[in-house]
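Just so you know, we're using our numbering here: the sequence shown kicks off at 27 and counts up by one.
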Amino acid sequence: MSWRRCAAVTVLLIAVSGCKTAEDATAAAAQMSATAKSLSDYYAALGVVLTARDAIGKVNEALFEKPYPEASRKGVQTTQAELAKRTAMATDLSALAADFASLAGSKASDDVATACGKLETEVDGLASHKASSTEQAAIKAGIEALVTAVKEHKERESAKAMDSVASGLSALFDKEAPEWRSEEVVYLDLAATLAGNLADENAVDSGALLKPALDPFGLAAGPVTPATGAKLAPLLKQQIAEKKTAQLAAYDKASAAMSDALKEMATRIHTVATEQPMKFRLPPPTIDGVKQWTDQILAK
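Here it is in structure tokens:
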């Protein structure tokens, strides 16, 4: 292996004792890329939730004269903007990590510095949310140190810098997790209330509840009369309540999985940065738990 290839592979996360750690370095880069992509999808899914919440506010105001004040609208828009920033940051981090292992030649340092500069700007933009300045500073400092280390071809310092970025990102996610959960809870509460009101107004197709009885005979429900709809409304409300509970449980599972994946990523990167052998060279399995929820939301 040439010195250029060795340096390129080790530049991301690698504590470096020649090319012996090249495989661990490549694996660490791939793991960071996969985890950051999952984080990007998580933030994007929350953005979809906020969009739905905004729509519910408008429908409630139009149908049931429930106020949707301008301050509330702006609050939703501000949070959407913050989620978009985090989505972009995680997306760019994923791309940067994926590219690190293949960087080679004299332009590698400049390419890394440019990409890191963009990430640094994105991290700065997170300040308007309730982010912890401590975690945010750790991420920014790690990115700044990475730029310097890569430009000076100091692979060991590059590894330590990425170690700081990974741990800071994990800590930031956990610090903000209660805020994101509160957004999900508010959305589900609003959606469940509106759905229940629509059931009372016979504005929901309750004919679906009749399918178990009609399907075996190849029959389909006809238009549900107001009288029948009123009798079926309690069953619709029961379904709404059950689905609401299930949706929040799915969100909590995805958030816990995301937190675990970020911690696992940080631990593995720290292992390589401190010149220890990596035991696992596949992305954290908890990413699958995040994907189940994000795929469902992003498909809407």
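Here a beta-carbon is modelled for each residue, glycine too, at the ideal position from N, C-alpha and C.
### Query
When the Cα atoms are used, what is the spatial distance from A88 to P252?
22 angstroms
### Query
Whose CA, out of K63, T312, R99, lies closest to the CA of L119?
K63
#### Entry: CB contact flag (S193, A55, <8 angstroms)
no
### Three-state class that DSSP yields for Q302 in the structure shown
coil
### Query
Quick one: Cα of A70 to Cα of T77, how far?
11 angstroms
### Message
Using C-beta distances below 6 angstroms, list every residue in its chain close to S132, excluding the 5 sequence neighbours before and after it, in chain order.
### Response
Legend: pLDDT at S132 = 42, less than 50; position of this residue unreliable, value from coordinates given subsequently. Correct list: empty, nothing qualifies.
### Query
Helix, strand or coil: how does DSSP classify K317 here?
helix
### Own chain, CB closer than 6 angstroms to L235, minus 5 neighbours either side, in chain order
L258, L261
### Span of the alpha helix (DSSP H) around A239
237-240
### Query
Between K270 and E301, what straight-line distance do the alpha-carbon atoms span, to the nearest angstrom?
47 angstroms
### Task
Using beta-carbon positions only, say whether H6 and D189 come within less than 8 angstroms of one another.
Outside the shown range of the chain (27 to 326) lies residue 6, about which nothing can therefore be said.
### Task
Evaluate E268 with the Cβ neighbour count: other Cβ atoms within 10 Å of its Cβ, from every protein chain shown; 16 or more gives buried, anything less gives exposed.
exposed
### When G83, N86, Y94, L145 are compared against D112, the one with the closest alpha-carbon
The amino acid at residue 112 is misidentified as Asp; the sequence shows Arg. Among G83, N86, Y94, L145, the Cα nearest to that of R112 is on L145.
### Task
Could you tell me the distance, in whole angstroms, from the CA atom of K23 to the CA atom of E209?
Any question about residue 23 goes unanswered here, given that the chain covers just 27 to 326.
### Query
Buried or exposed: which applies to P311, given that a residue is buried once 16 or more other Cβ atoms fall within 10 Å of its Cβ?
exposed
### Task
Quick one: which unbroken alpha helix (DSSP H) runs of 4-plus residues sit fully inside the segment 42-110? Chain order, please.
48-90
### Query
Going straight from the alpha carbon of S281 to that of F243, what length do you get?
43 angstroms
### Task
Return the residue from the list V191, A107, D278 that minimises the CA-CA distance to I165.
V191
### Query
Quick one, which of V102, G101, L65 has its alpha-carbon nearest D321's?
L65
### Message
According to DSSP, is A247 part of a helix, a strand, or is it coil?
### Response
coil
### In chain order, each alpha helix (DSSP H) run of at least 4 residues that lies wholly inside the segment 157-236
159-177, 181-226
### Query
Which word fits V298, buried or exposed, when buried means at least 16 other C-beta atoms lie within 10 angstroms of its C-beta?
buried
#### Entry: Secondary structure of A280, DSSP reduced to three states
helix
### Message
Relative to the C-alpha of A141, which candidate in S98, T174, E205 has its C-alpha closest?
### Response
T174
### Task
Taking only the alpha-carbon atoms, compute the straight-line gap between D200 and G248 and give it to the nearest angstrom.
50 angstroms
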